[in-house]
Amino acid sequence: MHAHAETHLDQSITGRFKYAILLTSLTLVAELAGGIWTNSLALLSDAAHVFLDLFALLLSLGAIKLASYPVSDTRTFGWHRTEVFASFINGSTVFLIAGIICYEAVERMMQPQAVKSLEMLIIAAVGLAMNLLSAGALHSHSHDDLNVHSAFLHVIGDAAASVGVIVGGIIMYFTNWYLLDAIISVGIGFIIFWGSWRVIRESVHILLEGVPRGIDIKQVAFAMQEVKGVAEVHHLNVWTICSHIIALSAHVVVPDCSNSEQDEILRKIEEKLFQHFHISHTTLQVESARCTEAQGAKQFRHRPRAASLAHAHAHPHQHPHGTCQGHHHGHDHDHAH
Numbered sequence: 001m002h003a004h005a006e007t008h009l010d011q012s013i014t015g016r017f018k019y020a021i022l023l024t025s026l027t028l029v030a031e032l033a034g035g036i037w038t039n040s041l042a043l044l045s046d047a048a049h050v051f052l053d054l055f056a057l058l059l060s061l062g063a064i065k066l067a068s069y070p071v072s073d074t075r076t077f078g079w080h081r082t083e084v085f086a087s088f089i090n091g092s093t094v095f096l097i098a099g100i101i102c103y104e105a106v107e108r109m110m111q112p113q114a115v116k117s118l119e120m121l122i123i124a125a126v127g128l129a130m131n132l133l134s135a136g137a138l139h140s141h142s143h144d145d146l147n148v149h150s151a152f153l154h155v156i157g158d159a160a161a162s163v164g165v166i167v168g169g170i171i172m173y174f175t176n177w178y179l180l181d182a183i184i185s186v187g188i189g190f191i192i193f194w195g196s197w198r199v200i201r202e203s204v205h206i207l208l209e210g211v212p213r214g215i216d217i218k219q220v221a222f223a224m225q226e227v228k229g230v231a232e233v234h235h236l237n238v239w240t241i242c243s244h245i246i247a248l249s250a251h252v253v254v255p256d257c258s259n260s261e262q263d264e265i266l267r268k269i270e271e272k273l274f275q276h277f278h279i280s281h282t283t284l285q286v287e288s289a290r291c292t293e294a295q296g297a298k299q300f301r302h303r304p305r306a307a308s309l310a311h312a313h314a315h316p317h318q319h320p321h322g323t324c325q326g327h328h329h330g331h332d333h334d335h336a337h
């Protein structure tokens with residue numbers, strides 16, 4: 001994807017976030033005022049839910065802005081990880097919201113309270129319409145952007161809560177069975193629990209430098225070895241920088257090749273990685289002979305800092321680690337995402 005398409009994507013996501021923030025703000029005002037007017041704890045609780053969702057949307061919009069900042073000497077990956085961190089916070093707040101909903105539901109089971117059912121029903125319907133419009137604005141990017149996905153879950157949680165309030169309002173209006181509101185709230189709480197847990201799990205996986213879901217590192221190595229001239233691939237690491245950027249680093253053994261031939265081989269590897277796995281940031285080190293370490297992912301070890309070694313110069317010793325023989329040629333490539 002070219003830089004122009006990337007910029008268009010960011011502008012599209014930003015515009016949809018601003019639209020969702022406006023609708024969510026209107027929903028918050030309507031439900032807060034309506035909850036006080038109708039003496040509806042359900043509407044006031046949902047207003048608190050909406051307030052946290054508004055915070056999450058603002059946080060997500062801020063993360064997109066920070067991700068646009070250029071790299072620096074102190075942040076060589078820029079601010080892209082802010083998106084993932086924001087997703088973790090969003091998922092955590094949704095998890096907290098689900099707990100609050102369940103707690104309030106238990107309270108209402110113990111002490112059901114009468115409310116102005118018809119007025120509550122109308123206000124909840126307005127809130128549902130706003131939530132559905134917000135969800136529609138975010139849905140198109142919710143599958144390929146983790147940050148949008150977490151914000152989308154917030155809006156869906158709001159919509160589900162509004163449906164629960166509407167259904168409960170209709171039944172309470174005709175039967176005065178106020179316990180049903182608490183029962184529906186418990187169901188909504190468990191739905192939000194599940195959705196938020198998925199966002200938390202995915203964001204933590206990225207923050208821990210896990211292999212991106214859907215990518216088999218063995219298949220990646222096999223695809224790289226299929227390129228003519230590649231004898232072996234080792235020290236292979238694949239991780240996610242943010243939802244649009246997957247990175248890879250590896251050692252590639254290319255025996256008996258000139259520098260121009262090595263460059264051509266690396267170009268073919270990078271194209272294959274991008275086409276098949278959408279890996280857009282690659283750092284490849286070319287070797288003419290095999291390393292002594294085992295194949296696969298590089299094993300990281302804790303070693304003393306240089307200052308510690310200098311302090312212990314009177315007692316020289318060796319640190320066991322793998323060595324590579326032959327010519328090395330580094331290559332770093334970044335596809336526009």
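One point on numbering: in full-length UniProt numbering, the residue at position 317 of the sequence shown is 317, and numbering is uninterrupted. Note that CB positions come from ideal geometry on N, CA and C, so glycine has one too.
Listed as beta-bridge partners of T38 by DSSP are no residues whatsoever.
Assignment of E209 by DSSP, reduced to helix, strand and coil, places it in the coil class. A buried status is given to N131, since no fewer than 16 other beta-carbon atoms sit within 10 Å of its beta-carbon. For the pair H281 and I217, the CB atoms are not nearer than the 8 Å cut-off. Under the three-state reduction of DSSP output, Q113 falls in the coil class, being neither helix nor strand. Between I101 and S162 a beta carbon distance of about 13 Å is seen, past the 8 Å cut, so the two are scored as non-contacting.
About 16 Å separates the Cβ atoms of V84 and H154, ruling out a contact at the 8 Å cut-off. For the set W239, W197, L208, the Cα lying nearest the Cα of I215 is the one of W239.
Taking the CA atoms as reference points, D53 sits about 32 Å from T76. Under the DSSP assignment, I269 falls outside any beta strand (DSSP E), being part of the alpha helix (DSSP H) whose first and last residues are 259–277. The residue among Y19, F17, A98, L43 with its C-alpha nearest the C-alpha of L28 is L43. Annotated three-state conformation of H139 is helix, per DSSP. If you check the CB distance, I21 and L59 do not come in under 8 Å. An exposed status is given to M110, since fewer than 16 other beta-carbon atoms sit within 10 Å of its beta-carbon. In the DSSP secondary-structure assignment, S249 is bridged to N237, T283.
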